[in-house]
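Residue numbers (our numbering): 31 to 167.
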């Protein structure tokens with residue numbers, strides 16, 4: 031299955047904006063392929079304001095969060111792998127979602143390691159169709 035993380039990020043972002051609050055992303059800036067302004071990283075993390083008033087061209091795909099933003103008057107193209115997102119929450123009240131990186135990554139690895147052959151999947155589907163239950167009236 032696909033990770034639900036990008037879907038949750040999109041949903042929480044929309045919900046926070048609809049509530050007239052400021053969505054903030056907490057990002058593990060040490061994650062590979064993280065393109066963020068290095069001077070704003072603290073303890074390996076960066077907090078990014080992704081409010082429509084603060085950024086332009088926000089795009090949240092299943093693998094990346096990308097947008098254009100200005101830091102101290104300098105334009106940047108921000109690109110963050112979804113796996114590097116640690117949290118999304120409203121600045122005003124802290125409501126949002128915090129992600130556990132270890133659980134997500136290990137579950138995806140486990141899924142890849144335990145993939146079932148097409149023939150086994152077909153047999154599994156056949157077994158599901160034959161119910162052991164009977165209708166009692």
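The beta carbon of each residue, even a glycine, is placed where N, CA and C say it ideally should be.
Per DSSP, what kind of secondary structure is residue i in: helix, strand or coil?
i, result
"residue 67", "coil"
"residue 48", "helix"
"residue 36", "helix"
"residue 114", "helix"
"residue 59", "coil"
Our contact map puts residue i next to residue j with C-beta atoms below 8 Å; I'd like the distance itself, whole angstroms only.
i, j, result
"residue 77", "residue 56", "6 Å"
"residue 36", "residue 92", "5 Å"
"residue 58", "residue 114", "5 Å"
"residue 121", "residue 49", "That pair is no contact at about 11 Å."
Let me check one thing: in DSSP terms, what residues is residue i bridge-paired to?
i, result
"residue 79", "54"
"residue 99", "85 and 106"
"residue 72", "75"
"residue 120", "53"
Taking the C-alpha atoms as reference points, what is the distance between residue i and residue j?
i, j, result
"residue 83", "residue 102", "16 Å"
"residue 71", "residue 106", "15 Å"
"residue 40", "residue 75", "20 Å"
"residue 32", "residue 69", "33 Å"
"residue 61", "residue 119", "20 Å"
>> When you compare the stretch 42 to 58 with the stretch 111 to 126, are there three or more beta-carbon pairs, one atom per stretch, that lie closer than 8 Å?
In response: Pairwise C-beta distances place the stretch 42 to 58 in contact with the stretch 111 to 126, as three or more of them are shorter than 8 Å.
> Touch check for the stretch 64 to 81 and the stretch 94 to 109: three-plus C-beta pairs under 8 Å?
Replying inline: The stretch 64 to 81 is in contact with the stretch 94 to 109.
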